[in-house]
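Numbering (the numbering used here), first residue to last: 40 to 205. Heads up: the structure comes next, in structure tokens.
Here you go:
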């Protein structure tokens, strides 16, 4: 029984993972994704953070993927797709659990806490109730911007598929 309690405890509050790359600043593509995220451009944040995730080979890539998937959950909420949002929360939140409170200058702890709260609110909704009725507000991702720009486009990143056929 003691082992079961320990296993369950690790899943509820996993130990903090010290990810290689957490002490580095976020990549340009990641910053572009975070800026798009904070502007409520959840489709665009997905594109930028997916690029950052694909370029990153170290375990810190889980951070990018977790934020990306929570952003897609927010996009699904905006579209009124409760099931799609819950699915994306189930994918993204585990990637953020166990990360240090601060990783690559990103306040992971505050973001994770608010995202988990939104997940609980959405889960508690009557399935027949429209998602919009919940009045959910989305958090920004708090981070130190090493490039000092306000718009993702200012970073000059070309996303896959951009500029083709011109």
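Idealized CB from N, CA, C, for every residue including glycine.
- Per DSSP, reduced to three states, the secondary structure at residue 120 is coil, with no helix or strand assignment.
- By the CB criterion at 8 Å, residue 139 and residue 124 fall outside the cutoff.
- Just so you know, the alpha carbons of residue 146 and residue 167 end up roughly 35 Å apart.
- Taking every protein chain shown into account, the CB of residue 91 has 16 or more other CB atoms within 10 angstroms, so this residue is buried.
- Your pair residue 66 and residue 94 checks out as a contact, with CB atoms roughly 6 Å apart and the cut at 8 Å.
- Secondary-structure assignment with DSSP links residue 145 through a beta bridge to 142, 182.
- Its Cα nearest to that of residue 71, the residue 186 stands out among 186, 200, 143.
- Judged by beta-carbon spacing, residue 76 lies beyond the 8 Å limit of residue 119, meaning their Cβ atoms are not closer than that value.
- 98 is the residue among 98, 141, 84, 165 whose C-alpha sits nearest the C-alpha of residue 60.
- C-alpha of residue 121 to C-alpha of residue 96: approximately 32 Å in a straight line.
- For residue 83, the enclosing alpha helix (DSSP H) starts and ends at 81-94.
- Secondary structure at residue 97: coil, using DSSP grouped into helix, strand and coil.
- Of the candidates 117, 88, 114, 171, the residue whose Cα lies closest to the Cα of residue 103 is 88.
- When secondary structure is reduced to three states using DSSP, residue 136 falls in the coil class, being assigned neither helix nor strand.
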